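**Student:** I'd like to ask you about the structure that follows.
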Amino acid sequence: MDGPPGYEAQWRRIAEAALELGMGPDEVAQTGLDPLAAARGWKPATVALYSKVLRYGGLALPRVPTPEPDPPELDLRPLTQVRGEDPEHLRAVAWCALALGWPAPVARFRSLRRDQVHATTRRLLLLTDDGEWSVPGALTAWHAWEAVRGRFPALAASPWVLPALRRGPGLDSAVGGRLSNQALQVTFTKHARRTAQHLRATAPPSRVEAVEELATAYRDLSYDSYRRLALAAGAPPVAPRGVVRASRAVHRSSRRATG
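The sequence shown begins at 2 in my numbering and counts up by one.
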């Protein structure tokens, strides 16, 4: 019995685990994946994915909810890595890179202007009404996005960090205009899912299961969850109580640069 299209590798691993235990499709349908998960040491995210694969393949298994990722252990870096020159990709990558150091809500990013972001030799500095924020590790993504948008007059002239790349249904919509909160949420979801597809397509054999778990988490990741994960990893809150911490980092960087 062939697996569902696009999930042949997962189907094969499930079949191999079932054969080791002498279980056929009927037995797996009756017991669920618990015996296989116990024998193979599959984690909850893997069990959730494999349950979906079996349902896609025609086995009537109960639905297993995808577990919430453990914030300190979810690797967010793939979402900040440049993989090409597509403007939509680079806009999302720049957003994710900025949000790792400045985890602002969607509405704040919607109104973030380019003149509030300043590139130094080591990091980006954000100047907002709340103070100064230091964002390390975002220079590559930022420069790649700025270089590509510079090729399109409407994007090059736009004052927004995350401008619209095409006209929408609204009468006021225009290339380079300000996106809605909903459009930004959709943008992030598309980027997370495309990153999941890329991870699965490029995973070396030794890391297939680990990458699968990460990709599964990405497929259900929203920007709000990404922001909470960045905060859990130590990013300063984007609020007045976080300004002192951010400003100290800026001052330390300035002293090192002038020292």
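Beta carbons are placed, not taken as given, at the ideal position from N, Cα and C, and that holds for glycine. Values in this document were obtained by computation on a predicted structure and should not be read as measured data.
Rounded to whole angstroms, what is the Cα-Cα separation between LEU156 and VAL54?
**Tutor:** For the purposes of this step, residue 156 is taken as residue 155 along the sequence shown, with counting starting at 1. For the purposes of this step, residue 54 is taken as residue 53 along the sequence shown, with counting starting at 1. Cα to Cα, the separation comes out at about 41 Å.
**Student:** Taking the beta strand (DSSP E) that VAL136 falls in, what are its first and last residues?
**Tutor:** For this step, residue 136 is matched to residue 135 along the sequence shown. Segment 132–137, the beta strand (DSSP E) holding VAL136.
**Student:** Between the Cα of LEU180 and the Cα atoms of VAL107, TRP103, THR129 and VAL212, which residue gives the shortest distance?
**Tutor:** Residue 180 sits at position 179 when you count from the first residue of the sequence shown. Taking only the C-alpha atoms, the option nearest LEU180 is VAL107.
**Student:** Short check: CB of ALA95 to CB of LEU185, under 9 Å?
**Tutor:** On the sequence shown, residue 95 is found 94 positions in, with the first residue counted as 1. On the sequence shown, residue 185 is found 184 positions in, with the first residue counted as 1. Result no, Cβ atoms of ALA95 and LEU185 do not sit closer than 9 Å.
**Student:** Apart from the five residues on each side of it in sequence, which residues of its chain come closer than 7 Å, Cβ to Cβ, to THR1?
**Tutor:** The structure shown does not extend to residue 1, since the chain is modelled only from 2 through 260, so no value can be given for it.
**Student:** Which of the three DSSP states, helix, strand or coil, is assigned to PRO164?
**Tutor:** As a first step, residue 164 must be located in the sequence shown, where it is residue number 163. Strand at PRO164.
**Student:** Using only CA atoms, which one of ARG168, ALA139, GLU213 and PRO45 lies nearest to ARG194?
**Tutor:** Here residue 194 is taken as the residue at index 193 of the sequence shown, counted from 1. Ranking ARG168, ALA139, GLU213 and PRO45 by Cα distance to ARG194 puts GLU213 first.
**Student:** Give me the Cβ distance between SER112 and LEU126, rounded to the nearest whole Å; I'm assuming they're in contact under 8 Å.
**Tutor:** Indexing the sequence shown from 1 puts residue 112 at position 111. Indexing the sequence shown from 1 puts residue 126 at position 125. Not confirmed; about 18 Å, so no contact.
**Student:** Any idea what DSSP makes of ALA158, helix, strand or coil?
**Tutor:** Translated into positions along the sequence shown, residue 158 becomes position 157. Residue state, collapsed to three classes: coil.
**Student:** Count the other CB atoms within 10 Å of the CB of GLN11; is the residue buried (16 or more) or exposed (fewer)?
**Tutor:** Locating residue 11 in the sequence shown gives position 10, where the first residue counts as 1. Counting Cβ neighbours within 10 Å, GLN11 comes out buried, since at least 16 surround it.
**Student:** Just the Cα atoms here: how many angstroms apart are VAL187 and LEU22?
**Tutor:** The residue given as residue 187 occupies position 186 in the sequence shown. The residue given as residue 22 occupies position 21 in the sequence shown. Taking the straight line from one Cα to the other gives about 43 Å.
**Student:** Taking the alpha carbon of TYR224 as the point to measure from, which residue in ARG152, ALA211 and PRO104 has its own alpha carbon closest?
**Tutor:** In the sequence shown, the residue the question calls residue 224 occupies position 223. Closest by alpha carbon: PRO104.
**Student:** Going by DSSP, what residue range makes up the alpha helix (DSSP H) through ARG13?
**Tutor:** Within the sequence shown, the letter at position 12 stands for residue 13. 9–21 is the extent of the alpha helix (DSSP H) around ARG13.
**Student:** Scan the segment 191–221 and note each continuous alpha helix (DSSP H) run of 4 residues or more that stays entirely inside, going in chain order.
**Tutor:** 209–220
**Student:** Identify, in the order they occur along the chain, each residue of the same chain with its Cβ nearer than 7 Å to the Cβ of GLU89, setting aside the five sequence neighbours on each side.
**Tutor:** Residue 89 sits at position 88 when you count from the first residue of the sequence shown. Excluding sequence neighbours, GLU89 sits near LEU166.
**Student:** SER248 by DSSP, collapsed to three states: which one?
**Tutor:** Position 247 of the sequence shown, counting from 1, holds the residue named residue 248. Reliability fails at SER248, whose pLDDT of 40 lies under 50, so the model's placement of it is uncertain and no value is given.
**Student:** Write down every uninterrupted run of the alpha helix (DSSP H) in the segment 69–114 whose length is 4 residues or greater and which is fully enclosed by it, in chain order.
**Tutor:** 88–102 and 107–111
**Student:** My guess is that ALA30 and LEU50 are in contact by the Cβ rule of under 8 Å, so how many angstroms apart are they, rounded?
**Tutor:** Against the sequence shown, residue 30 aligns to sequence position 29. Against the sequence shown, residue 50 aligns to sequence position 49. Between LEU50 and ALA30 the Cβ distance is about 17 Å, and since that is not below 8 Å, they are no contact.
**Student:** Could you check whether TYR219 and ALA204 sit closer than 9 Å to each other, using their CB atoms as the reference points?
**Tutor:** Position 203 of the sequence shown, counted from the first residue, corresponds to residue 204. Position 218 of the sequence shown, counted from the first residue, corresponds to residue 219. Cβ distance not < 9 Å, so ALA204 and TYR219 don't count as in contact.
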